[in-house]
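Chemist: These protein sequences, in sequence, are chains A and B. In the numbering used here, each number is its position in the first sequence, counted from 1, plus 70. In the numbering used here, each number is its position in the second sequence, counted from 1, plus 159.
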Amino acid sequence: MAGHDIFRLQDVTVHYGQRTALDGITAHIPCGALVALVGPNGAGKSTLLRALLGWLPLTRGEIRLGDKHPRHLHPRLAYLPQRPEVDWDFPISVREVVAQGRWPSLGLFGRFTAAERERVDRALEELDLTALAGEQIRRLSGGQQQRMFLARAVAQGADIFLLDEPFAGLDLAASAELVHLLHRWLAQGRTVIAAVHDLALARTHFSHALLLDTRLVAAGPAAETLSDANIDLAYHRRMPVLGVRP
Amino acid sequence: MNALYDLLLAPFAYDFMQRGLLSAVLLSISGGLLGSVLVLRRLALMGDALTHSLLPGLALSWLLLGRGPLALLAGALVAGLLSVMASALLSRLTRLKEDAAFGAFFLVAYAAGIALVSQLGTRVDLLHFLFGHILGVGPSDLALTAAASGLTLAAFVLAYRGIVLEVFDPIFARAAGMRGGWFYAGFLALAVLNLVAGLQTMGVVLALGLFLLPAASAYLWCDRFAWMLGVSALLGMIGSTAGLAVSFHTGLSSGPAIVLALGVIFLGSAALSPRYGLLHALALARRERRAVRHTVD
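1) Mind checking whether B/Ala-247 and B/Ser-212 have CB atoms under 8 Å apart?
2) Could I get the ranges of all uninterrupted alpha helix (DSSP H) runs contained in the segment 101 to 131 of chain A, with 4 residues as the minimum, in chain order?
3) Sort out for me which residues DSSP pairs A/Arg-43 with in a bridge.
4) Using a Cβ cut-off of 8 Å, pull out every chain A residue sitting near B/Met-387, in sequence order please.
5) Please classify A/Glu-166 as buried or exposed, where buried requires at least 16 other C-beta atoms within 10 Å of its C-beta.
6) What residues in its chain sit with their C-beta under 6 Å from that of A/Ala-265, if we drop five residues either side in the sequence?
7) Leaving out five residues on either side along the sequence, give the residues of the same chain with a beta carbon under 7 Å from the beta carbon of B/Val-405.
8) Just checking: is the beta-carbon of B/Leu-317 within a distance shorter than 8 Å of some beta-carbon in chain A?
9) Kindly list the residues whose CB is nearer than 6 Å to the CB of B/Val-237, restricted to its own chain and excluding five residues on each side of it in sequence; keep chain order.
10) Give the secondary structure of A/Gly-86 by DSSP, where H, G and I count as helix, E and B as strand, and everything else as coil.
11) Would you mind sorting A/Arg-315 into buried or exposed? The rule is 16 or more other CB atoms within 10 Å of its CB.
12) Touch check for the segment 185 to 202 of chain A and the segment 147 to 160 of chain A: three-plus C-beta pairs under 8 Å?
13) Could you name the residues that DSSP lists as bridge partners for A/Ile-95?
14) Taking only beta-carbon positions, decide if B/Leu-241 is within less than 8 Å of chain A.
15) What does A/Gln-170 pair with, by DSSP beta-bridge criteria?
16) Are any of the Cβ atoms in chain B nearer than 8 Å to that of A/Asp-157?
17) Indicate the three-state DSSP secondary structure (helix, strand or coil) for A/His-278 in the structure shown.
18) Measure the alpha-carbon distance for A/Ala-72 versus A/Gly-213 and round it to whole angstroms.
19) Residues of chain A with a CB under 7 Å from the CB of B/Gly-345: which are they?
20) Counting only beta-carbon separations shorter than 8 Å, does A/Gln-216 have a partner in chain B?
21) Along the beta strand (DSSP E) that carries A/Ala-288, what are the first and last residues, could you check?
22) If you measure beta-carbon to beta-carbon, which residues of the segment 296 to 329 of chain B are closer than 7 Å to chain C?
23) Is the segment 292 to 305 of chain B touching the segment 170 to 183 of chain B, taking contact as three or more C-beta pairs under 8 Å?
24) Measuring only between beta-carbons, confirm whether A/Gln-206 sits less than 8 Å from chain B.
25) Quick one: what does DSSP say A/Tyr-305 is sitting in, helix, strand or coil?
26) Does any residue of chain A have a CB that is nearer than 8 Å to the CB of B/Asp-207?
27) Compare the C-beta of B/Phe-342 against all C-beta atoms of chain A and say whether one is closer than 8 Å.
28) Grab me the residues of A/Gly-313's own chain with a C-beta within less than 7 Å of its C-beta, minus the 5 sequence neighbours each way, in chain order.
29) Could you please give me the residues that DSSP links to A/Phe-231 through a beta bridge?
30) So, helix, strand or coil for A/Arg-153, using DSSP?
31) Check whether the segment 110 to 130 of chain A touches the segment 79 to 86 of chain A, taking contact to mean three or more Cβ pairs, one atom from each stretch, closer than 8 Å.
32) Using a Cβ-Cβ distance under 8 Å, would A/Tyr-86 count as near chain B?
33) Our contact map puts B/Phe-315 next to B/Leu-192 with C-beta atoms below 8 Å; I'd like the distance itself, whole angstroms only.
34) Let me confirm a value: B/Ser-242 is counted as buried when at least 16 other C-beta atoms fall within 10 Å, else exposed. Which label applies?
35) With DSSP as the reference, identify every bridge partner of A/Ser-163, one or two as the case may be.
36) Rounding to the nearest angstrom, what Cα-Cα distance links B/Ala-203 and B/Ser-195 in this structure?
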C-alpha cells in the first residue's frame, strides 16, 4: 500500500506566539483510513486538523495533500468543528443547509440544475435525513444536526473528512450510528481523520491512530499505537492519579 | 371610503409627501435586506451604536463642505470607518471587551456630534438632523436613496450565496475557500450609505429603525431566509407609508412617526406569531402545566 498516502506531514511545527502547539510532526496518513487523533487536552489535536486544512501558517515544515497544498483541494476536504457555531434559530431548512454543499463548486452564479438537486437528495438519503428535509434546523436532535453537516460535506463531494471531537455530546445510540457510518465510509475508500477522547472507542473502531502530546508520541495501526505504554508517555503518566493502578 | 381616502391617500397628493414616500419605500427594500443580516448576525446593538457615531462626521462635513448629500456621505463614511476601527483596536489591544469598547467609544462620538451640530445653526437644524424632516427631501437626496437602495439590492442578488454562508456558517464559508473580510467591509459600506440616504426622512438616531424593526418582525414569521428578506422589505414599506400618513396628520416628525408605526407591526408580530410569538409560548406553557397536573392526579 506504499505510495497511497493522502497526507504527508514533514516536520510540521506551529507556534501560537510563544507557545508551541505542534512540534516537529512527521507522519504519513494513508488513503482510505479511519484515523483517530488522540492526546491530552492541549496536545494539538484541533491545531493539527486546522493545519491539515491549510488554515494555519506553519512555523516550520510542510503538509502535502496528494501532491498539492491543502488549499487547492477544497471540494474534497470537509471539516466539521467541535460544536458548529451556527445559529440554530436561523430561518433555514435541513435541505437548504445540505444544498450549501454544492455552492463552493457552483460559485455565486452556477445554476442549481436537476443533477445538483439529485446530489442533494442522495446526500440526504445517505445520512437518513430525507424525512426531515423540510424541517427548520432547531427541530433536529444533536445527532441529527451532526448528520446534517455530514450530509452537506457528502453533497460537496468530499472524500476526506476532518472531524473535531465528533463523539463529544452524543448519546450511546447516536455514537453507535456514527461508528456505523464511519465504517461504511471506510469501506467506500473515504478517509476520516477525527479527534477522539475515548481511548476504547479509538482502539476498537479506528484503523489508525496518531498519538499526540505537542510532539508525535506514536503513529500507525490503532491497536499498537494506543498501547498502554504509549498512552502513559503521551499523558505523562497522569492517568494513574485518576485510575485504579497503585 | 372617503374617510380612508382622507386618512391614507390624501396626504400623498403633495409633492413633498410623494418624495418622502418614494424615499421611504426605496429605503425599506435595502433596510429589509441589511436589517435581516443585522438581526441574524446579532449585530443589532452594534448597528445602533454605529448610527450614533456617524453624527460627528456628518456635522463636520456639513461645517466644512456644506450639506450636499455627497459631502454628508463622505463625512459619515469616514466617521463610521474610524469608529469601527478605533473600537476594534481598543478591544483587541486593551483589557476592554468588544461591547464596552464599542459602547464607550460611540457614546463619546455621539456627544461630540451633538456639540458640533449645535454649533452649526439653530435648534431646529439639530432636531431635523436627529429626527428627520420630510420637507427636506430634495431631488438630490432622492437620487442618493435610489443609488443606495439599488446598490444594496444588486449586492444581495449577485452575492446571495456568499451572504447566506457568511451569515449562517462562516467556518464552512472559510473551508470552502471564501474570504470573510470583503463581506464585513461591504456590509459596513452599504449600511453607512443607506443610513445617510435615510437621514432626511428618518433622522440619524432613528434611521436604523427602518432596518431593524421590519427585519425583527419578519424573523418572527419566516422559517426561510429568502422569505425573511422579502417580508422585511414589505413590512418596512407598509410601516413607513402608515408612519408618513400619521406624520402628515399630526405634525409629528417623520422619523418617530415611521418608527412608531413599525413598532406597532413589531409588537403585533411578537405577540401573534404562530410559532415564535408570546401568545403561542403562553399557550404552550399552560398546556404543559395542565399535563403535569393530570399525571399528578
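All residues carry an ideal CB built from backbone N, CA and C; glycine is no exception.
Modeler: So, from the listed chains and residues:
1) Position 88 of the second sequence, counting from 1, holds the residue named residue 247 of chain B. Position 53 of the second sequence, counting from 1, holds the residue named residue 212 of chain B. Not closer than 8 Å, so no.
2) Within the segment 101 to 131 of chain A, the alpha helix (DSSP H) runs of at least 4 residues that lie entirely inside it are, in chain order, 115 to 122.
3) Lying outside 71 to 316, the shown extent of chain A, residue 43 of chain A is not represented and no answer is given.
4) Along the second sequence, one-based indexing puts residue 387 of chain B at 228. Within 8 Å Cβ-Cβ: Pro-161.
5) Here residue 166 of chain A refers to the residue found at position 96 of the first sequence. It is buried - the Cβ of A/Glu-166 has at least 16 other Cβ atoms within 10 Å.
6) Counting from 1 along the first sequence, the entry for residue 265 of chain A is found at position 195. Around A/Ala-265: Leu-107, Lys-115, Asp-234, Glu-235.
7) Along the second sequence, one-based indexing puts residue 405 of chain B at 246. The answer, listed in chain order, is Leu-411, Ala-416, Ala-420.
8) For the purposes of this step, residue 317 of chain B is identified with residue 158 of the second sequence, where counting begins at 1. Interface annotation, B/Leu-317: in contact with chain A, CB-CB separation under 8 Å.
9) Here residue 237 of chain B refers to the residue found at position 78 when the second sequence is read from its first residue. Cβ within range, chain order: Gly-216.
10) Here residue 86 of chain A is taken as the residue at index 16 of the first sequence, counted from 1. Strictly speaking, residue 86 of chain A in this sequence is Tyr, with Gly absent from that position. It is a strand residue.
11) The count along the first sequence starts at 1 and reaches residue 315 of chain A at position 245. Summary for A/Arg-315: the model assigns pLDDT 46, below 50, so the residue's position carries little reliability, and this model does not support an answer.
12) Touching, no.
13) Position 25 of the first sequence, counted from the first residue, corresponds to residue 95 of chain A. Paired residue(s): A/Val-82.
14) Residue mapping note: residue 241 of chain B aligns to position 82 of the second sequence, counting from 1. Judged by the 8 Å Cβ criterion, B/Leu-241 is not in contact with chain A.
15) In the first sequence, the residue the question calls residue 170 of chain A occupies position 100. Partner(s): none; A/Gln-170 has no beta bridge.
16) Within the first sequence, the letter at position 87 stands for residue 157 of chain A. Contacts with chain B at 8 Å (Cβ-Cβ) include A/Asp-157.
17) Counting from 1 along the first sequence, the entry for residue 278 of chain A is found at position 208. A/His-278: strand per DSSP, three-state reduction.
18) What you label residue 72 of chain A is simply residue 2 of the first sequence in a count that begins at 1. What you label residue 213 of chain A is simply residue 143 of the first sequence in a count that begins at 1. Any reading at A/Ala-72 is ruled out, since the residue's pLDDT is 41, under 50, leaving its predicted position unreliable.
19) In the second sequence, the residue the question calls residue 345 of chain B occupies position 186. Neighbours of B/Gly-345 on chain A: none; closest Cβ ~13 Å, over 7 Å.
20) For the purposes of this step, residue 216 of chain A is identified with residue 146 of the first sequence, where counting begins at 1. Judged by the 8 Å Cβ criterion, A/Gln-216 is not in contact with chain B.
21) Position 218 of the first sequence, counted from the first residue, corresponds to residue 288 of chain A. For A/Ala-288, the enclosing beta strand (DSSP E) begins and ends at 285 to 291.
22) The chain labelled as chain C is not found among the protein chains of the depicted structure, namely A and B.
23) Counting Cβ pairs under 8 Å, three or more are found: they touch.
24) Residue numbering aside, residue 206 of chain A sits at position 136 when the first sequence is read from its first letter. At least one chain B Cβ lies under 8 Å of A/Gln-206.
25) Along the first sequence, read from residue 1 onward, the residue named residue 305 of chain A stands at position 235. DSSP places A/Tyr-305 in coil when its eight states are reduced to three.
26) As a working note, residue 207 of chain B is residue 48 in the second sequence. No, B/Asp-207 does not count as interfacial toward chain A.
27) Counting from 1 along the second sequence, the entry for residue 342 of chain B is found at position 183. No, B/Phe-342 lies away from the interface with chain A (no Cβ there is under 8 Å from its Cβ).
28) Here the question's residue 313 of chain A lines up with position 243 in the first sequence. Any reading at A/Gly-313 needs caution, since the residue's pLDDT is 48, under 50, leaving its predicted position unreliable; the model's value is listed next. Around A/Gly-313: no qualifying Cβ.
29) The count along the first sequence starts at 1 and reaches residue 231 of chain A at position 161. According to DSSP, which records beta bridges pairwise, A/Phe-231 is partnered with A/Ala-148, A/Val-262.
30) Position 83 of the first sequence holds residue 153 of chain A. A/Arg-153 falls in the coil class under three-state DSSP.
31) The way I'd put it, the segment 110 to 130 of chain A does touch the segment 79 to 86 of chain A; three or more beta-carbon pairs between them come closer than 8 Å.
32) Indexing the first sequence from 1 puts residue 86 of chain A at position 16. No, because no Cβ of chain B sits closer than 8 Å to the Cβ of A/Tyr-86.
33) Here residue 315 of chain B corresponds to residue number 156 of the second sequence, with the count starting at 1. Here residue 192 of chain B corresponds to residue number 33 of the second sequence, with the count starting at 1. A Cβ-Cβ distance of about 5 Å is found for the pair B/Phe-315 and B/Leu-192, placing them in contact under the 8 Å criterion.
34) Position 83 of the second sequence, counted from the first residue, corresponds to residue 242 of chain B. Classification of B/Ser-242: buried, given that the 10 Å Cβ count is 16 or more.
35) Working through the first sequence from its first residue, we reach residue 163 of chain A at position 93. DSSP output for A/Ser-163 lists A/Gln-206 as bridge partner(s).
36) The sequence position of residue 203 of chain B within the second sequence is 44, counting from 1. The sequence position of residue 195 of chain B within the second sequence is 36, counting from 1. Straight-line measurement puts the Cα of B/Ser-195 at about 10 Å from the Cα of B/Ala-203.
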